[in-house]
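Residue numbers (numbering that gives the first Met the number 0): 0 to 153. Note that the Cβ used here is the ideal one computed from N, Cα and C, for glycine as well.
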Amino acid sequence: MQVEKRVTELVEEKIADRPELFLVEVKMLPNNKLIIHVDGDEGISIQDCVAISRHVGFHLEEENTIEQAYNLEVSSPGVGEPLKLIRQYNKNIGRTVSIKFAGGQKKEGKLLEVTDNNILIEESVKEKGKKAVAVETAVPFNDILETSVLISFK
Numbered sequence: 000m001q002v003e004k005r006v007t008e009l010v011e012e013k014i015a016d017r018p019e020l021f022l023v024e025v026k027m028l029p030n031n032k033l034i035i036h037v038d039g040d041e042g043i044s045i046q047d048c049v050a051i052s053r054h055v056g057f058h059l060e061e062e063n064t065i066e067q068a069y070n071l072e073v074s075s076p077g078v079g080e081p082l083k084l085i086r087q088y089n090k091n092i093g094r095t096v097s098i099k100f101a102g103g104q105k106k107e108g109k110l111l112e113v114t115d116n117n118i119l120i121e122e123s124v125k126e127k128g129k130k131a132v133a134v135e136t137a138v139p140f141n142d143i144l145e146t147s148v149l150i151s152f153k
């Protein structure tokens, strides 16, 4: 879609001097809601989201990119949002993740390492009648349908 392409250009332009920030996704929903998810290696501040929103909104209005009324939302991906970029995986090393596979299977484990092709997790494997053992498992990105960070309230 043309709108999403232009918005991506505008966001990249705004954060070009901020190498710690990165664009995760741009979505234009059918109800004219434009969602921009931006993240940072150390998180992203509300001020950064406001600056991106003002920059994008100003240029969209000036260029009349979207002809009808729309709602612009700029935020970091929510806690429940799946990881989309390798950079997000790197940011979450050391945290517990839940991985869904195309066949419906799931794995949970501590994210240990990220490469270009796979992730390494430490999962707890329990065999009947034995104590659970920590096992390192490499999971290729091609096998992953979705990965989410699990939040612990301990």
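Other residues of its chain near residue i: CB distance less than 7 angstroms, five sequence neighbours each side excluded
i: Asn116; result: Pro139 and Phe140
i: Lys125; result: Ala131
Cα-Cα separation, residue i to residue j
i: Lys99; j: Glu61; result: 43 angstroms
i: Lys6; j: Tyr69; result: In the sequence as presented, Lys is not what sits at residue 6; that position holds Val. So the two alpha carbons sit approximately 13 angstroms from each other.
i: Gln46; j: Thr95; result: 29 angstroms
i: Lys129; j: Glu122; result: 15 angstroms
i: Gln104; j: Glu145; result: 11 angstroms
Cβ-based neighbour list, residue i, same chain, cut-off 8 angstroms, excluding 5 preceding and 5 following
i: Glu11; result: Leu22
i: Leu9; result: His54, Val55, His58 and Leu59
Three-state class that DSSP yields for residue i in the structure shown
i: Val78; result: coil
i: Phe21; result: strand
i: Leu111; result: strand
i: Glu11; result: helix
Residues of its chain near residue i, where Cβ-Cβ distance is below 6 angstroms and the 5 sequence neighbours each way are ignored
i: Lys215; result: Beyond the ends of the chain as shown, which are 0 and 153, falls residue 215; an answer cannot be given.
Beta carbon proximity, residue i to chain C, threshold 8 angstroms
i: Gln46; result: Absent from the structure is chain C; it holds one protein chain and no more.
What are the start and end residues of each continuous beta strand (DSSP E) run of 3 or more residues lying completely inside the stretch 32-69, in chain order? Whole beta strand (DSSP E) segments, 3+ residues: 32-39.
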